[in-house]
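Enquirer: Numbering-wise, my numbering comes out as the position in the sequence shown, counting from 1, plus 66.
Every residue, glycine too, gets a C-beta built ideally from N, C-alpha and C.
Keep in mind that this is a model prediction, so the values were computed, not measured.
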Amino acid sequence: MTLKAQSTHRSGGPDAKRNFILQQGLCEPAAGTFPLLYSALRFQPWLVGPWVVVATILQVPFLFFTLAAVLWWSALASQLNPFDALYNWSLARSSGITLASAPAPRRFAQFLAGSFAIAIGLSLVLGWRMAALVLEGFFIVAIGALLFGGFCFGSFVFHLLCGRADFAKRTLPWATGA
């Protein structure tokens, strides 16, 4: 295997970025646009990740409840997603990519992330510290996998629940030719 062929299998390589976009429920991107679209789709997790880390350090239920509300809003009123609106306002012009209403896999991932946030907030309110820590750890790992590995757990689960396990496997970051 040549060095060039190996580089497409790394997370962050062309296949991984393309697979992530397909996993999110978008159509096959044009060859020159998928790096920009990949970056645009990760804008929201780049904001959510630090929010979760800060909320985990502070152990403040309100921060998790607020995050849950914003993520559920994003899932249920996709055309009014505040993260996408912020991206479109601040970066769309320079990147040439505008984010529109999210497809079902991405909305499901947002809903699932919001559900984790609400479960963590409730665990903290109820004094279930260990449960909160386990959920926080899982949430941080899932966000890390998305940001640094190009793997969206929520979208992957969506495809599995919809009976598309073969497609889900083909959209893993290390898979080729989704």
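Just to confirm my understanding: we take ALA82, look at its own chain, exclude 5 residues before and 5 after, and list those with CB closer than 6 Å. What are they?
Expert: Taking ALA82 as the centre and dropping the five residues before and after it, the same chain places the C-beta of GLY216 and PRO239 closer than 6 Å to its C-beta, in chain order.
Enquirer: Going by CA-CA distance only, name the one from ALA158, SER167, VAL119 and ARG172 that's closest to CYS218.
Expert: ARG172
Enquirer: Taking the CB atoms as reference points, tell me whether LEU129 and ALA179 lie closer together than 7 Å.
Expert: no
Enquirer: With a floor of 4 residues, list each alpha helix (DSSP H) that falls wholly inside the region 124-186, ordered by position along the chain.
Expert: 127-142, 148-156 and 158-161
Enquirer: Considering only the alpha carbon of each residue, which of THR164, PHE177 and GLY210 lies closest to THR99?
Expert: Just measuring C-alpha positions, the residue of THR164, PHE177 and GLY210 sitting nearest THR99 is THR164.
Enquirer: Could you spell out where the alpha helix (DSSP H) holding LEU201 opens and where it closes?
Expert: Run containing LEU201: 195-215, per the alpha helix (DSSP H) assignment.
Enquirer: In whole angstroms, give me the CA-to-CA distance for LEU213 and PHE109.
Expert: Roughly 9 Å between the two C-alpha positions.
Enquirer: Rounded to the nearest angstrom, what separates ARG84 and GLY193 at their Cα positions?
Expert: 42 Å
Enquirer: Is it right to say PHE149 is buried, meaning 16 or more other beta carbons lie within 10 angstroms of its own, or is it exposed?
Expert: buried
Enquirer: Name the two residues that bound the continuous alpha helix (DSSP H) containing PRO101.
Expert: 100-107
Enquirer: What did DSSP end up calling THR122 once you bin it into helix, strand or coil?
Expert: helix
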